[in-house]
Amino acid sequence: MTFFCKYKELGQKIRRRYNYDRLQGGFTLIELVAVFVLLSLLSIVAVQSYFSLLDDSKIHGAQTLIASAQTQLSLEFARRATAGLALDTDSQPVCQWVVIDGAGAAASILCAGNLDADVAITATIDGKDVVGAWVSPVSSGS
Numbered sequence: 151m152t153f154f155c156k157y158k159e160l161g162q163k164i165r166r167r168y169n170y171d172r173l174q175g176g177f178t179l180i181e182l183v184a185v186f187v188l189l190s191l192l193s194i195v196a197v198q199s200y201f202s203l204l205d206d207s208k209i210h211g212a213q214t215l216i217a218s219a220q221t222q223l224s225l226e227f228a229r230r231a232t233a234g235l236a237l238d239t240d241s242q243p244v245c246q247w248v249v250i251d252g253a254g255a256a257a258s259i260l261c262a263g264n265l266d267a268d269v270a271i272t273a274t275i276d277g278k279d280v281v282g283a284w285v286s287p288v289s290s291g292s
């Protein structure tokens with residue numbers, strides 16, 4: 151009986167000396183590494199999704215600029231046609247009426263052609279180009 155009591159007392163002394171109860175409360179290195187790897191993978195997916203959304207918004211903004219330029223060209227065509235003015239005017243000044251708002255906005259719009267023919271429109275926002283066209287009612291064959 152004393153044999154087991156001595157080992158029990160020895161075990162209690164070792165526990166007190168090295169404080170094993172306190173050491174049991176933390177995370178292991180493997181658990182910490184696993185959590186770090188999972189967080190890294192999630193952040194990679196999140197960053198890729200963010201950049202994809204950013205590119206999509208630039209393309210959508212450029213498409214909006216093209217739609218605005220098409221509207222301006224149609225309005226100028228209608229104004230010139232009803233006023234009896236010449237339709238062979240350059241389209242670039244008409245496209246310049248499209249206001250690109252925002253301080254430091256890296257956006258531009260370029261129109262090539264005349265109002266009496268089809269006009270090619272190129273809109274650029276932060277390096278993302280979108281190409282569109284405006285079809286003149288005169289050149290459509292009607």
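Numbering of the sequence shown is given in the working numbering, commencing with residue 151 and proceeding in unit increments.
Virtual Cβ for every residue (Gly too), placed ideally from N, Cα, C.
Remember, predicted model here, so these are calculated numbers, not experimental data.
Checklist entry - Exposed or buried, A273, counting other C-beta atoms within 10 Å across all chains shown (16 or more means buried)? => result On the sequence shown, residue 273 is found 123 positions in, with the first residue counted as 1. So A273 ends up on the buried side.
Next on the checklist: Looking at the strands, I want to know which residues DSSP matches up with I259.
Outcome noted: Sequence index remark: in the sequence shown, residue 259 carries index 109 (1-based). Looking at the DSSP assignment, I259 forms a beta bridge with A273.
Next on the checklist: Tell me which residue opens and which closes the beta strand (DSSP E) that V280 is part of.
Outcome noted: Numbered from its first residue, the sequence shown carries residue 280 at position 130. Segment 278-284, the beta strand (DSSP E) holding V280.
Item to check | Distance CB(G282)-CB(K208) smaller than 9 Å | outcome: Numbered from 1 along the sequence shown, position 132 holds the residue referred to as residue 282. Numbered from 1 along the sequence shown, position 58 holds the residue referred to as residue 208. Contact: no.
Checklist entry - Which residues in the same chain as G211 place their Cβ atom closer than 6 Å to its Cβ, once the five residues preceding and following it in sequence are excluded? => result Residue numbering aside, residue 211 sits at position 61 when the sequence shown is read from its first letter. The residues are I275.
Checklist entry - Roughly how many angstroms separate the alpha carbons of N264 and Q198, rounded to a whole number? => result Counted from its first residue, the sequence shown places residue 264 at position 114. Counted from its first residue, the sequence shown places residue 198 at position 48. Straight-line Cα distance between these residues: approximately 42 Å.
Item to check | Nonlocal neighbours in the same chain, by C-beta distance under 7 Å from S258, ignoring five residues either side | outcome: Numbered from its first residue, the sequence shown carries residue 258 at position 108. Same-chain partners within the cutoff: T274.
Checklist entry - Applying the criterion that 16 or more other CB atoms from any shown protein chain within 10 Å of the CB defines a buried residue, is Q162 buried or exposed? => result Looking up residue 162 in the sequence shown gives position 12. Counting Cβ neighbours within 10 Å, Q162 comes out exposed, since fewer than 16 surround it.
Item to check | Cβ pair L223, A231 closer than 9 Å | outcome: Numbered from its first residue, the sequence shown carries residue 223 at position 73. Numbered from its first residue, the sequence shown carries residue 231 at position 81. Not closer than 9 Å, so no.
Item to check | Three-state secondary structure (DSSP) of D240 | outcome: For the purposes of this step, residue 240 is identified with residue 90 of the sequence shown, where counting begins at 1. Looking at D240 - three-state DSSP - the assignment turns out to be strand.
Item to check | Where L160 falls, given that 16 or more other Cβ within 10 Å makes a residue buried | outcome: Position 10 of the sequence shown holds residue 160. Classification for L160: exposed.
Checklist entry - How about A219 and V185: do their beta carbons lie closer than 9 Å? => result For this step, residue 219 is matched to residue 69 along the sequence shown. For this step, residue 185 is matched to residue 35 along the sequence shown. Not closer than 9 Å, so no.
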